[in-house]
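Structure record follows, encoded as structure tokens.
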Amino acid sequence: MRKLILILILINLQIYGKEDSTDVNPVRLTLISTATVGGFIYAYAIQNDMWWKGEKSKFHSNWNQDWRYALGSDKYGHFYFGTLISKTYSDLFYWSGISKDKSKLYGAVLSFSYQTFIEIRDGFSKDYGFSWGDFSANLLGSSLQLLKSEIDLLNYIDFKISYYPSERFKNNSNQYILDDYESTFNWISINSNKLISEKIPSFINIAVGHSVKRLDYSDSYHEIFLSLDWNFKGIKTDSSFLKKLFEYLDFYHFPAPAVKVYPDLVWYGLKF
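For what it's worth, the working numbering labels the leading residue of the sequence shown as 40, then goes sequentially.
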């Protein structure tokens, strides 16, 4: 944790050193830094309670478990939260007066630094171990805001998540729903108006979803869904506040008509 706080301090020193001091608002930047340190300490306490209270070990990688755990569905979670953290800090740094390009860079560095800290911490846990798969997903997720500046197609694809309590969660197999992959649904949402047909309303996307079931048993399996999805960014508004709010609402898949296409066919009036 001390090393992570040092990284935050170094980032702020870099910001003050490279940006025109008349552009950066020191009060806002200090507020962001203080809230970040407090938030990371709180998050560390929760994660320590969830994952790291068990037996310690020498630093190691767990190749055997890396892609077996949760049938690999945890990799999307690493990618997703890397993207969300990076996006949030990109916007916060920009709000503090830092240029848009540098805000994206600092947001990516901060997101990846924290997630790498978690992976290294896992490496000293006997039950987990350092995961190269998680590390790669963290890197891709943290870099997405930067990649969107270079690859225009990525601006028409949203990566979303949704939750609906599973029987496993209801039976108290997991204390935290965020750590229950059977309750988690991962979505890749395509801007249909831009990539398929302009006749499709701009607020309607098409999404592919994924989840897993029966993780506590030998017959665990994947689920694949096709769904309509709500594209809040496609709603026309002149309000800068609403535009920013819609960007963050588009990180979550809200209930919409859907069909499960694998392993069997099931229609849903609304899929949460």
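Glycine residues also receive a C-beta, built at the ideal position from the N, C-alpha and C atoms.
Check, Outcome
"Over what stretch of residues does the beta strand (DSSP E) that includes Trp171 continue unbroken?", "That residue, Trp171, is in no beta strand (DSSP E); its alpha helix (DSSP H) goes 171-189."
"Considering only their Cβ atoms, is the gap separating Tyr145 from Phe132 smaller than 8 Å?", "yes"
"Quick one: is His261 buried, meaning 16 or more other Cβ sit within 10 Å of its Cβ, or exposed?", "exposed"
"In terms of residue numbering, what span does the alpha helix (DSSP H) encompassing Ile80 cover?", "65-90"
"By DSSP, does Lys114 sit in helix, in strand, or in coil?", "helix"
"Where are the alpha helix (DSSP H) runs, 4 residues long or more, that stay fully inside the stretch 214-266, in chain order?", "231-234"
"For the stretch 169-178 and the stretch 194-202, state whether three or more C-beta atom pairs, one from each stretch, are separated by less than 8 Å.", "no"
"Give the C-beta separation of Phe311 and Asn270 to the nearest angstrom, bearing in mind that I take them to be a contact with Cβ-Cβ under 8 Å.", "Contact flag wrong, Cβ pair sits at about 18 Å."
"Just how far apart, CA to CA, sit Trp106 and Thr155?", "18 Å"
"In whole angstroms, what separates the C-alpha of Ser138 from that of Ser279?", "18 Å"
"Leaving aside the five residues before and after Leu193 along the sequence, list all residues of the same chain whose C-beta is less than 8 Å from its C-beta, in chain order.", "Leu183, Leu186, Lys187"
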